[in-house]
Structures are given as C-alpha cells and as structure tokens.
Amino acid sequence: MRKFEYLRPEDRARAVDLAANPDVKLLGGGTNLIDLMKIGVETPEFLVDTTRLGLDEIESRADGGLRIGASVRNTDVASDDRVRERFPVLSAAVLAGASGQLRNMATVGGNLLQRTRCAYFQDVTKACNKRKPGSGCPAQTGANRELAILGGSEHCIATHPSDMAVALRALDASVLIETEKGAETIPLADFYRLPGERPDIETNLPYGSLIVAIDIPAPRNGARSSYVKVRDRASFGFALASVAGVLRVADGRVAEVALALGGVAPLPWRARVAEAQLMGAPAEPDRFRAAIDAELEAAQPRPENAFKVTLARRIVVRVLNELAGATREGEAS
Amino acid sequence: MTKVRLTVNGQPWTVDIDPRVTVLDLLREHLGLTGAKKGCDRGQCGACTVLRDGRRVNSCLVLAVSADGSEIVSVEGLAGDSDLHPLQRSFLDHDAYQCGYCTPGQLCSAVGALAELEAGWPSAVTDKGSTPTLEPEEIRERMSGNLCRCAAYVNIVAAVYEVGRSA
Ligand SMILES: Cc1cc2nc3c(=O)[nH]c(=O)nc-3n(C[C@H](O)[C@H](O)[C@H](O)COP(=O)(O)OP(=O)(O)OC[C@H]3O[C@@H](n4cnc5c(N)ncnc54)[C@H](O)[C@@H]3O)c2cc1C
Ligand code: FES
Ligand code: FES
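If you're matching them up, the sequences are chains A and B in order.
Okay, so the first sequence: first residue is 2 according to my numbering, each after it adds one.
Okay, so the second sequence: first residue is 2 according to my numbering, each after it adds one.
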C-alpha cells in the first residue's frame, strides 16, 4: 500500500475543508477503500476519517420518512425498527449484501460510493477505462459474465455492486451532501452517471463532497415492498441480478409501482418503461411479464451474460407476483 | 508514525505505528497475537474476524489508526479467565474443524453472531418484520462471511447451535 497520512477531523466543517484537496480520500468503514488501496487501485495521499463526525443517527422526518446519517453502519440500517416497518425493502436489500462482519463496518455513505467489482478494474496490470481513461475495456469481449446488460457503453460495462442503493432507488431517496460551497440535496435519480465516454466519472457529486445523510420520503400508503437477489451462492456474494419492488394494487389494478434493478447496469436501474406499462394495468402475471419484456428490449447482452436477461425477467415477475399476492391477502384479512 | 491507544483482550496498549497497519497486522506482527489469521486480506474469508467494541469485524480491513480508542477481543481473549469459552468447548465436542486455520475467525464470528441474534437483529432469512429465532438456517446465513476450506460447515453450525440453545 502506498504511504498516506491519516487525519481525523473534529467536525464536519473541517472534514469539508479537507475534502477539497484532490489528494484526499474520505474514509467510511474502509471495506472497499482499504481493499482498493491494498491492490493499488486507490492511492490517496491523505485519508480523512468521516466516522466520528456525529453522522450516525437515524431520524424520523415530519412527513413520515427517515433521514439516515452517512456514518450509520449497514447493520444498524437493516435492524432499525422504523426501517423494517416503513421500508422493508431497504432492510432486506442491506441484509442481502456482504457478510455480518462487513455490514457491521460498512457505512451508508461508503456503500453508495463503493466501486465496481469488475475484474479488469481491480487488476492494475490490465487496461480499464474507468481506472485509466483511454486505456480500453477488455471486458467487452473478455470476462463479462457479471457485467452490465443495460446502460453500458463501448467504453465500459461495469456494474454498480450495491444492493442498498437499489432499494433506495426504488424508494426515491435523496442524498444530502456538503461542500465548501454549502449544503445540497441530490435525488438518487441524478446521483449516478451512465459511463458513456467517461466511465471514470461515476456520479454527479460536486467536487469535494462529503455525504452527510440520505433522505427517504414517507412510504406510499398501502404499498408493499420487497427485494429479490440472485447470486452464485446462497449467501455472501454479489448480485448477478436483483430487484427492489414497491407495489400497490387497488381493485385488481396496479395503483403504484416502483422497480429498480441491481447487478445488471452501471447504476441502480429504475425500470421506468416497465413501470409505465404497469400503471393502471391488471395486476396479473402476464402483464408483469409483458412490462419487464418491454424494459429489457433495450438490453445489450454480451456473450457471457445473456442469461441475465432471462434472470432479470424472472425475478421481476416473481417480486411482482409476491407483492400482488401479499396485497390480496392484506385485503382479505 | 501515529500514536494509537487500544485495549486488546482487556490489556491497554499504546503503540506508535504506520497508518497503513491494519488491526490484523497490529495483532499478529506487533503484539504477538497470532490467533487471528490472514486468509485473503480482503474481507472475503473471515479468518481475521475479531470483536471491536463487541461487534464482529474483519480486522484485515480496519486500519489500526481508525480503531483508536476501541476495545478489541481476539480469539486469545474469548475465554477471559476461564479455560475455554463455551463455543471453543463446543467446537471441540462437535469436531467443528479439520486444519483449524479458519477456526479463530469462526469462533469470534460465532460470538458476534449469537449476540446479534440475541439482540433481535434480523438476517436475510428472518421472516419480514418478525424477531429472529435460533435455527440452523439462521446460523448458516449469519456465519456466511466465514469460509472453511476444509468444509467443516455442518459441524460448525451444530457447534454454534448448541451453544445458542443452552444460553
Ligand atoms: C467480500 C465482500 C463482499 C461484499 N458483498 C457485497 C454485496 O453482496 N452487496 C453489496 O451491496 N456490497 C457488498 N460489499 C461491499 C460493501 O457493501 C461496501 O464495501 C461497503 O458498503 C462500503 O462502505 P464503507 O463504509 O466500508 O466504505 P469505504 O470503503 O470507507 O468507502 C467507499 C467509498 O466511499 C467514499 N466515502 C465513504 N464515506 C463517505 C462520505 N461520508 N462522503 C463521501 N464519500 C464517502 C470513500 O471515499 C470511498 O471512495 C462487499 C464487500 C466485500 C469486501
Ligand atoms: S483475512 Fe480478513 S477476511 Fe480474509
Ligand atoms: S478447518 Fe480448515 S479451513 Fe476451516
């Protein structure tokens, strides 16, 4: 690991000051950053610890939503009673990721900004447009089984690995940040960028941003939510494909729906095409299938990951069936 | 070099270390506590699991400087003043290892996992909205961050289950 200096600012203002230096990396739980420093992908000169800035509270908002501090550990998000009650999909998504140990360490801010697990990105002896702009993307024709079928470009098909962010995307969460210029709120919808020609620029975060919290608006009345993840092993593996679904059915028809896909795109993928087809439609399996098929028309599978198209279709239908079933039971009881 | 104060298995330490040193390397290379093992050094195997302020963590990914002020317990400290921790006893009784390399991490992880279950924290296999109960399925899911190259999993689950049940 390259030498660096460790700094622990005493408050947010000082942390924001320090973050303005291009040689600084902010440290959360370290579960991604320390790993990437060990393998030479990240080489900061200064490491600024953000875990003791008092950003570790979960608060109820006046509208019935929640504000989750950036340093709250993933475990504490998943086991918070308010999260479990109001946003079961978020608790489930967090618990579907990593291991008990890692969730005890990982923070909310770090989880949002974790980097891709693409093997070429992690191997400094290989070309990678994300790590070294202009060097090429061997994944296009190489080992692309785990990589994107939606939203990729000829320059990069890396996937975003977070489970948590997929649930937050379905819940219309926003990210609260602070920079030298002040505080700002960025909807998660505008937070991540597609790779296009610049896969090295992954977010629309202003330069030197400190993430301070995430806001989740009040749950939609009567809606059910759930997370389904498929991976190579039963536990402790990244998603090959996952879906966060939110659904409300009224009189047999879809009254509200939100679908976000994980493991298939460079960012948590909100399935807007499918949602538009579902709104007002009968909450029936053939409609669910038709809607996700329409979404997946845009898929550009690579030789090794064509299976993800089928997988994504099946888990979306499954989650919608489950949620529609739960809604019917709820009405009956 | 940075000054770091921490308690390790009940004993306070003040050390002057390079900020690159992880808690795992601090234990093994600086304090002579070689119980916690280095399997992958990347959070993928769990062999380095210790308790930090009562919670299990992968010590290979914690910088010692960032753990300043915390209380670390490694496998050497699990039993405290007694001979063996109940989980150590149970691992012996159930033959829950073969080569033993993963065992210190399994033990610390199991201590943490049982405490988390006791505290009512859900896992991926807990029914939505309910309080988790001690089941082999819960133990398998909660221990999934600890790999065992000898595949002693079946006996590990049995060993942890028994301690959880008698607690
Ligand atoms: C073996 C293994 C398996 C895993 N499996 C999964 C999985 O299945 N699903 C999943 O979702 N994740 C998985 N993860 C990833 C894990 O969830 C992330 O590493 C973790 O969430 C990152 O959080 P952290 O606090 O440790 O971030 P860090 O490693 O500390 O930081 C990550 C990035 O965020 C930045 N950052 C941190 N805090 C802030 C802040 N407040 N403001 C601005 N920037 C900040 C850092 O500068 C860095 O760039 C796995 C990790 C490992 C090692
Ligand atoms: S050595 Fe830490 S998880 Fe493998
Ligand atoms: S006993 Fe050999 S690795 Fe687990």
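Don't be surprised by glycine CBs; every beta carbon is placed ideally from N, CA and C.
Source: prediction; values computed, not measured.
Integer Cβ distance of residue i from residue j, believed to fall under 8 angstroms
| i | j | result |
| --- | --- | --- |
| alanine 71 (chain A) | glycine 209 (chain A) | With a Cβ gap of about 15 angstroms, alanine 71 (chain A) and glycine 209 (chain A) do not count as contacting. |
| arginine 254 (chain A) | proline 283 (chain A) | 6 angstroms |
| valine 318 (chain A) | leucine 297 (chain A) | Contact flag wrong, Cβ pair sits at about 11 angstroms. |
| lysine 38 (chain B) | tyrosine 102 (chain B) | 6 angstroms |
| glutamate 139 (chain B) | serine 124 (chain B) | 6 angstroms |
| leucine 27 (chain A) | leucine 211 (chain A) | 7 angstroms |
Three-way DSSP call (helix, strand, coil) for residue i in this model
| i | result |
| --- | --- |
| serine 334 (chain A) | A caution first: serine 334 (chain A) carries a pLDDT of 46, below 50, which makes its placement in the model too unreliable to give a value. |
| lysine 230 (chain A) | strand |
| leucine 34 (chain B) | coil |
| isoleucine 157 (chain B) | helix |
| valine 112 (chain B) | helix |
| glycine 152 (chain A) | coil |
| lysine 4 (chain B) | strand |
| glutamine 115 (chain A) | coil |
| serine 75 (chain B) | coil |
| valine 250 (chain A) | strand |
| arginine 303 (chain A) | coil |
| proline 283 (chain A) | strand |
| isoleucine 69 (chain A) | strand |
| threonine 104 (chain B) | helix |
| aspartate 94 (chain B) | helix |
| tyrosine 162 (chain B) | helix |
| phenylalanine 239 (chain A) | coil |
| leucine 8 (chain A) | strand |
Heavy atom of ligand 1 within 8 angstroms of residue i beta-carbon
| i | result |
| --- | --- |
| threonine 23 (chain A) | The residue you asked about is not threonine; residue 23 (chain A) is proline in the sequence shown. No, ligand 1 has no heavy atom inside 8 angstroms of this Cβ. |
| asparagine 306 (chain A) | no |
| serine 80 (chain A) | no |
| methionine 2 (chain A) | no |
| methionine 2 (chain B) | no |
| methionine 144 (chain B) | no |
| aspartate 42 (chain B) | no |
| phenylalanine 192 (chain A) | no |
| asparagine 1 (chain A) | The requested residue 1 (chain A) is not part of the displayed model; chain A covers only 2 to 334. |
| lysine 26 (chain A) | yes |
| glutamine 45 (chain B) | yes |
| threonine 117 (chain A) | no |
| leucine 114 (chain A) | yes |
| threonine 32 (chain A) | yes |
| threonine 180 (chain A) | no |
Ligand 3 heavy atom lying under 8 angstroms from the CB of residue i
| i | result |
| --- | --- |
| threonine 127 (chain B) | no |
| glutamine 278 (chain A) | no |
| alanine 153 (chain B) | yes |
| glutamine 89 (chain B) | no |
| arginine 141 (chain B) | no |
| threonine 104 (chain B) | yes |
| glutamine 12 (chain B) | no |
N-terminal and C-terminal residue of the beta strand (DSSP E) that residue i is part of
| i | result |
| --- | --- |
| serine 175 (chain A) | 175-180 |
| alanine 184 (chain A) | 183-188 |
| phenylalanine 47 (chain A) | 47-50 |
| arginine 199 (chain A) | Element bounds for arginine 199 (chain A): n/a, residue is neither H nor E. |
| arginine 43 (chain B) | Arginine 43 (chain B) -> no beta strand (DSSP E), and no H or E assigned at all. |
| asparagine 105 (chain A) | Unbroken run through asparagine 105 (chain A) is the alpha helix (DSSP H), 101-106; no beta strand (DSSP E). |
| proline 13 (chain B) | 12-18 |
| arginine 56 (chain B) | 56-59 |
| alanine 214 (chain A) | 211-217 |
| glutamate 147 (chain A) | Counting along the chain, glutamate 147 (chain A) falls outside any beta strand (DSSP E), and DSSP gives it neither H nor E. |
Residue interval of the alpha helix (DSSP H) (run including residue i)
| i | result |
| --- | --- |
| aspartate 77 (chain A) | 75-80 |
| aspartate 18 (chain A) | 13-20 |
| glutamate 257 (chain A) | No alpha helix (DSSP H) contains glutamate 257 (chain A), which is instead part of the beta strand (DSSP E) from 254-263. |
| arginine 62 (chain A) | That residue, arginine 62 (chain A), is in no alpha helix (DSSP H); it is neither H nor E in DSSP. |
| leucine 37 (chain A) | 34-39 |
Ligand 2 heavy atom lying under 8 angstroms from the CB of residue i
| i | result |
| --- | --- |
| leucine 25 (chain B) | yes |
| threonine 186 (chain A) | no |
| lysine 39 (chain B) | yes |
Near ligand 5: residue i beta-carbon under 8 angstroms from a heavy atom
| i | result |
| --- | --- |
| cysteine 49 (chain B) | Among the ligands modelled here, namely ligand 1, ligand 2 and ligand 3, ligand 5 does not occur. |
What residues in the region 44-66 of chain B bring their beta carbon closer than 7 angstroms to a beta carbon of chain A? Gly44, Gly47, Thr50, Arg56, Arg57, Val58, Asn59, Leu62, Val63, Leu64, Val66
By the 9 angstroms beta-carbon criterion, what residues does the region 132-145 of chain B contribute toward chain A? Arg141, Glu142, Arg143, Met144, Ser145
Return the residues of the region 7-31 of chain B that lie within a Cβ-Cβ distance of less than 9 angstroms from chain A, sorted by chain order. Asp19, Pro20, Arg21, Thr23
Below 7 angstroms between beta carbons is the criterion; list the residues of the region 101-127 of chain A that meet it against any residue of chain B, in chain order. Gly101, Gln102, Leu103, Asn105, Met106
Closer than 7 angstroms between beta carbons: that is the criterion. Which residues of the region 19-32 of chain A meet it against chain B? Leu28, Gly31, Thr32
Would you list, in chain order, the members of the region 3-16 of chain A that have their beta-carbon closer than 9 angstroms to a beta-carbon of chain B? Arg3, Lys4, Phe5, Glu6, Tyr7, Arg9
Along the region 84-117 of chain B, what residues have a CB closer than 8 angstroms to any CB found in chain A? Ser110, Gly113, Ala114, Glu117
Going along the chain, which residues of the region 197-213 of chain A sit with their C-beta nearer than 7 angstroms to a C-beta in chain D? Of the protein chains in this structure, namely A and B, none is chain D.
Residues from the region 77-91 of chain A in contact with chain B, defined by Cβ distance under 8 angstroms: Ala79, Ser80, Arg85, Glu86, Pro89
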